[in-house]
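Numbering (my numbering), first residue to last: 231 to 500.
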Ligand code: 13P
């Protein structure tokens, strides 16, 4: 039985006061939830504030990105160790808003720091390794562009991203990963992917994990859907066998709507 996850990706929203208020609101609504894992991913500047706010609750903390080096001259970057020190247990990796030109940067460019700081399939894999080595659970994103969907390339694009993120990860590492399917065209657009189609792609992702890592790790992999998840569409998404939760942007910025999503995740286990 896979435990559902409802993760709020606050993106570049909430200064410290706003983060405190939002965390307090989520805490009041869902602080003691046990049947689903609730994760808040505020911007890095608010991690410590949110960590203090959710102390003594069941809510978990996540970062939105990391850099794979432990320390050094990497202006603006944050290491896995720094996220751990802020109380993070999770970290989002490879979100489409961070994938350089949506993951199409040529590996030949990777010598260039500008390209390194734009995620590619290869840098996503390095970040996954760094997160796992430090003891963080990565929530690793994949998803196709609208043009790729229209060209019938969805499964090929997503499968390649999943194979790349899993490359060289040992069984223990895979067991600590979460995969988020986020079709790029559904993010922040209000255009949710039809639940059946989202469930189908998440099932295809599970098949790719099975081919790469075997049936047991595939069966246990928590696979989330992200892209315009809202209280009025969450039930249909959570009803899909291969969808184990949501990675939520806009609707995670209000305690009421995020609370409703958490309740739907809890209801899906009964
Ligand atoms: P929205 O829920 O705002 O579409 O964002 C989804 C997302 O990108 C979560 O990581």
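We put the CB at the ideal spot given by N, CA and C, even for glycine.
Could you tell me which of 381, 390, 318 and 348 sits nearest to residue 282, measuring between CA atoms?
318
Alpha-carbon spacing of residue 340 relative to residue 263, whole angstroms:
Legend: pLDDT at residue 340 = 48, less than 50; position of this residue unreliable, value from coordinates given subsequently. Answer to the nearest angstrom: the Cα atoms are 43 Å apart.
Hey, out of 407, 250 and 254, whose CA is closest to residue 439's CA?
407
Going by beta carbon distance, what residues of the same chain come within less than 6 Å of residue 433, once the five residues before and after it are set aside?
472
Proximity below 8 Å, CB of residue 326 to CB of residue 417:
yes
Could you spell out the range, first to last residue, of the alpha helix (DSSP H) harbouring residue 357?
Here the alpha helix (DSSP H) through residue 357 covers 351 to 364.
May I ask you to report which of helix, strand or coil DSSP gives residue 487?
helix
Just the C-alpha distance for residue 259 and residue 479, rounded to the nearest angstrom, thanks.
If I take the Cα positions, the gap works out to 18 Å.
Going by DSSP, what residue range makes up the beta strand (DSSP E) through residue 270?
267 to 271
Just the Cα atoms here: how many angstroms apart are residue 435 and residue 350?
19 Å
Under 8 Å between the Cβ atoms of residue 410 and residue 466?
no
Terminal residues of the continuous beta strand (DSSP E) containing residue 372?
367 to 372
Whose C-beta lies closer than 6 Å to the C-beta of residue 276 among residues of the same chain, with five residues either side of it excluded?
244, 246 and 249
Tell me which residues share the same chain as residue 376 and place their Cβ nearer than 6 Å to its Cβ, disregarding the 5 neighbours each side in the sequence.
415
Could you tell me which uninterrupted beta strand (DSSP E) segments, each at least 3 residues in length, are contained entirely in the stretch 271 to 336, listed from first to last along the chain?
290 to 293 and 320 to 323
Between residue 286 and the ligand 13P, is the CB less than 7 Å from at least one heavy atom?
no
Express the C-alpha separation of residue 447 and residue 251 in angstroms, rounding to a whole number.
38 Å
Report the residue from 379, 397 and 280 whose alpha carbon sits nearest the alpha carbon of residue 543.
Absent from the structure is residue 543, since the part of the chain shown begins at 231 and ends at 500.
If we call anything under 8 Å between Cβ atoms a contact, is residue 321 one with residue 362?
Remark: C-beta atoms of residue 321 and residue 362 do not approach each other more closely than 8 Å.
May I have the straight-line CA-CA distance separating residue 430 from residue 494, to the nearest angstrom?
C-alpha separation (whole angstroms): 20 Å.
Any heavy atom of the ligand 13P closer than 7 Å to the Cβ of residue 478?
Indeed, a heavy atom of the ligand 13P lies less than 7 Å from the Cβ.
To the nearest angstrom, how far is the alpha carbon of residue 237 from that of residue 303?
31 Å
Figure out for me which residue from 256, 476 and 297 has the closest Cα to the Cα of residue 285.
256
Close beta carbons around residue 220, own chain, < 7 Å, minus the five adjacent residues each side:
Because residue 220 is not part of the residues shown, which for the chain are 231 to 500, the question remains open.
Going straight from the alpha carbon of residue 451 to that of residue 458, what length do you get?
22 Å
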